[in-house]
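Asker: Before we start, here is the structure in question, set down as structure tokens.
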Amino acid sequence: MSKLFIYVLSFLFSFSFAQDKGIELFNDKKYSEAIEYYKKVLEQRKGDAAAELGLGSSAYYNDNIDQALRSFEEASKSDNEIIQSKALYNIARILQDKDEISKSLKLYKKALELNPSDVDTKINYELLKKMKNEEQQENQDQEGSQEQQENQDQEGSQEQQENQDQEGSQEQQENQDQEGS
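Mind the numbering: the sequence shown is residues 1210 to 1390 in this note's numbering, read in order.
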């Protein structure tokens, strides 16, 4: 599984010093402990979007994608557009990994609208859009080739039938001519 590029950590440092322990646990790759820490923070401060981002990041790296999605979705409800943008970016990445390309593109676009200076989101959006366009072109080319092959097969079959009909008709005429003589 490709790991999600989560760049929320630097933001978390500046957002709340109370969460330094969670960031420290995350950086030490102690994801289970970080998850527990962020859950405790959220018990005390329900709706803390930065804690939801930390929980989502920790859950993702702990291979708990469902928990990560739930946390990022909660964080995306924040009034803070930067947090909202980062949450949408992370959801888009998860959906991209699940090949839900259209949904992912919409979320990247929304994240860019909230934070147009976010280079990572812009790059991922443009790359994914390019990949989708190339895939669509490839599918159209394949459909065109398949349709062309079907038409050729149909024409060949029709031609074969006409030849058989013509041969049968010719044979019948020859038989009638022989009987009449």
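Glycine is no exception: its CB is placed at the ideal position from the N, C-alpha and C atoms. Here the structure is a predicted model, which means the values were calculated and not measured.
(1) So S1287 packs on A1268, CB below 8 Å; how close in whole Å?
(2) Under the rule that 16 or more other beta-carbon atoms within 10 Å means buried, what is G1392, buried or exposed?
(3) What's the C-alpha gap between R1254 and L1264?
(4) At 3 residues or longer, and completely inside the region 1257-1338: list those beta strand (DSSP E) runs for me, N to C.
(5) Would you say K1341 and S1311 are within 9 Å of each other, going by their C-beta atoms?
(6) Could you tell me the alpha carbon to alpha carbon distance between Q1241 and L1323, rounded to whole angstroms?
(7) Could you name the residues of the same chain whose beta carbon sits closer than 6 Å to that of Q1345, not counting the 5 residues immediately before and after it, in chain order?
(8) By Cβ distance below 6 Å, which residues in the same chain neighbour L1297 in space, the five residues on each side in sequence not counted?
(9) To the nearest angstrom, how far is the alpha carbon of K1230 from that of L1314?
(10) Hey, how far is the Cα of V1250 from the Cα of S1326?
(11) Along the alpha helix (DSSP H) that carries K1230, what are the first and last residues, could you check?
(12) In the DSSP assignment, the alpha helix (DSSP H) including K1249 goes from what residue to what residue?
(13) Would you call the CB atoms of Y1247 and E1261 closer than 9 Å?
(14) Taking 9 Å as the threshold (C-beta atoms), are L1337 and Q1305 in contact?
Answerer: The structure says:
(1) S1287 to A1268, Cβ: 18 Å. No contact.
(2) Coverage of the chain is limited to positions 1210 through 1390, which leaves residue 1392 absent and any answer about it impossible.
(3) 13 Å
(4) none
(5) yes
(6) It is worth fixing the name first, because residue 1241 is Ser in this sequence and not Gln. So the alpha carbons of these two residues sit roughly 31 Å apart.
(7) none
(8) S1285, L1316, K1319 and A1320
(9) 34 Å
(10) 30 Å
(11) D1229 to N1236
(12) Y1240 to Q1253
(13) Taking 9 Å as the Cβ cut-off, Y1247 and E1261 qualify as a contacting pair.
(14) yes
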